[in-house]
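Contents: one structure, followed by commentary.
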Amino acid sequence: MAGRGDPSALRWLIGVELAGYRKRAGQTLAAAAKAIGCSTSLVGHFEKGMYFPQPEQIAGLLEFYGAPFWDVDRLTSLCARADQRSWLAPWIDVIPDWLRTFVGLEGLAESEFAYQPMALPGLMQTEEYAQALTAASGFVRQNHNERFVSFRLARAQRLSGAEPLRLHTVIGESALRLAVGSSETRVNQYKHLIELAESENVEFQVLRPECGPHDAGGTGEFVVLSFAEARPVVYLEHLDGAIYVQDPDEVQTYTLVAENLQRVALDPTESVGFVKTLMSET
Numbered sequence: 000m001a002g003r004g005d006p007s008a009l010r011w012l013i014g015v016e017l018a019g020y021r022k023r024a025g026q027t028l029a030a031a032a033k034a035i036g037c038s039t040s041l042v043g044h045f046e047k048g049m050y051f052p053q054p055e056q057i058a059g060l061l062e063f064y065g066a067p068f069w070d071v072d073r074l075t076s077l078c079a080r081a082d083q084r085s086w087l088a089p090w091i092d093v094i095p096d097w098l099r100t101f102v103g104l105e106g107l108a109e110s111e112f113a114y115q116p117m118a119l120p121g122l123m124q125t126e127e128y129a130q131a132l133t134a135a136s137g138f139v140r141q142n143h144n145e146r147f148v149s150f151r152l153a154r155a156q157r158l159s160g161a162e163p164l165r166l167h168t169v170i171g172e173s174a175l176r177l178a179v180g181s182s183e184t185r186v187n188q189y190k191h192l193i194e195l196a197e198s199e200n201v202e203f204q205v206l207r208p209e210c211g212p213h214d215a216g217g218t219g220e221f222v223v224l225s226f227a228e229a230r231p232v233v234y235l236e237h238l239d240g241a242i243y244v245q246d247p248d249e250v251q252t253y254t255l256v257a258e259n260l261q262r263v264a265l266d267p268t269e270s271v272g273f274v275k276t277l278m279s280e281t
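The sequence shown begins at 0 in numbering that gives the first Met the number 0 and counts up by one.
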């Protein structure tokens, strides 16, 4: 699995997988604990992402749940990444836990789809744009602004390197027209978007009102993270927290909405052309 993970996110991801297998097998926490010879509370802690299970504990639980051998190999392989040091350590005191979990999961993901109707994705922001956006926010303390911007820039490095994240975004026209900073700041941001679109791993589409109705009309922004060694997860952010959708059927619903958005929005070439038009108007 590529990327820069975070131990807390990795614990959470393994816990989600273990809980899902147990529930699908119709087993209780007590029965699972008995099967591997540990306490019920410890299995519960595994599922909540509070502790890392050992590879043999993962294997024992999955075998008890009747999981196929390739899933046992997949999750024990995922567990082997537990010794990674968190790259988020310098910013622990300026980012909330729910955002830390998301960025940690993003670091573990192979690909990401993001629908952003009102704001540009953080991964795609320039430093000046991020500074202006952060300064206008009431959720970041003034003395933390510079460090929060440095966190955003460090996070954006996920798009480069030997095994970069594959990013596909659908961005609302309102997000592109948002008056962030000076006109020069916005023009430089547009240039950055166009440069990103030239990368093999980054693709964006613009969704205009003229594109017509779509299935995300009532959903707001959302992110679908896909992994090599775990099932996809959907991330929904609200004002002071986040929701993680893990149920396979619910995740599939968001995946279908993402596919619909990609069909309705301007195609990537048209989207770059639209951004160039905005540059000339700014």
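Even glycine gets a Cβ: it sits at the ideal position worked out from N, Cα and C.
query	result
Nearest candidate by alpha-carbon position, reference Leu260, set Gln251, Val222, Ala215, Ala32	Ala215
The alpha helix (DSSP H) enclosing His191, as first and last residue numbers	182 to 196
Boundaries of the beta strand (DSSP E) in which Leu235 is found, first to last residue	232 to 237
Nonlocal neighbours in the same chain, by C-beta distance under 6 angstroms from Val186, ignoring five residues either side	Met278, Thr281
Rounded C-alpha distance that separates Val263 from Gly219	16 angstroms
Beta strand (DSSP E) runs wholly inside the stretch 81 to 133, at least 3 long, in chain order	110 to 115
Nearest-angstrom beta carbon gap, Leu60 and Ala229 [assumed within contact, 8 angstroms]	Not confirmed; about 15 angstroms, so no contact.
Limits of the beta strand (DSSP E) - the one that Gly171 falls within	165 to 171
CA nearest to the CA of Ala113, picked from Asp248, Thr268, Arg10, Glu236	Glu236
Nearest-angstrom Cα separation, counted from Val223 out to Gln251	10 angstroms
Endpoints, alpha helix (DSSP H) assigned at Gly240	Taken as a continuous stretch (DSSP letters only), Gly240 belongs to no alpha helix (DSSP H), being part of the beta strand (DSSP E) at 240 to 244.
Sheet register partners of Val205 (DSSP bridge)	Ile170
Phe63 beta carbon less than 8 angstroms from that of Ala241	no
Residues that DSSP places opposite Ser225 in a beta bridge	Ser110
Ala135 classed as buried or exposed, judged by whether at least 16 other C-beta atoms fall within 10 angstroms	exposed
Beta carbon of Pro52 nearer than 8 angstroms to that of Ile13	yes
Assigned exposure category for Thr276 - 16 Cβ within 10 Å defines buried	exposed
Three-pair Cβ contact test at 8 angstroms for the stretch 36 to 50 versus the stretch 90 to 97	no
CB contact flag (Val179, Leu132, <8 angstroms)	yes
Element boundaries [alpha helix (DSSP H), containing Arg157]	Segment: none, Arg157 is in no alpha helix (DSSP H) and carries neither H nor E.
Closest by C-alpha distance to Pro208, when choosing among Ala174, Pro67, Arg151	Ala174
Proximity winner among Gln245, Gly160, Phe203, Tyr128, relative to Ser149 (alpha-carbon distances)	Tyr128
Presumed contact (8 angstroms Cβ cut-off) between Leu195 and Ser110, rounded CB distance	Their Cβ separation, rounded to whole angstroms, is 15 angstroms, which puts Leu195 and Ser110 out of contact at 8 angstroms.
Which listed residue (Leu238, Arg157, Ser182, Gly65) has its alpha carbon closest to that of Ile198	Per the sequence shown, the amino acid found at residue 198 is Ser instead of Ile. That would be Arg157, whose Cα lies nearest to the Cα of Ser198.
Neighbour-count burial assignment, Gly106, 16 or more Cβ in a 10 Å radius	buried
Collapsed DSSP secondary structure at Ala29 in the structure displayed	helix
Per-residue burial, Gly25 [other beta carbons within 10 Å of its own, 16 or more giving buried]	exposed
Nearest candidate by alpha-carbon position, reference Glu269, set Phe221, Pro247, Cys210	Cys210
Through-space distance from Pro120 to Tyr234, alpha-carbon basis	13 angstroms
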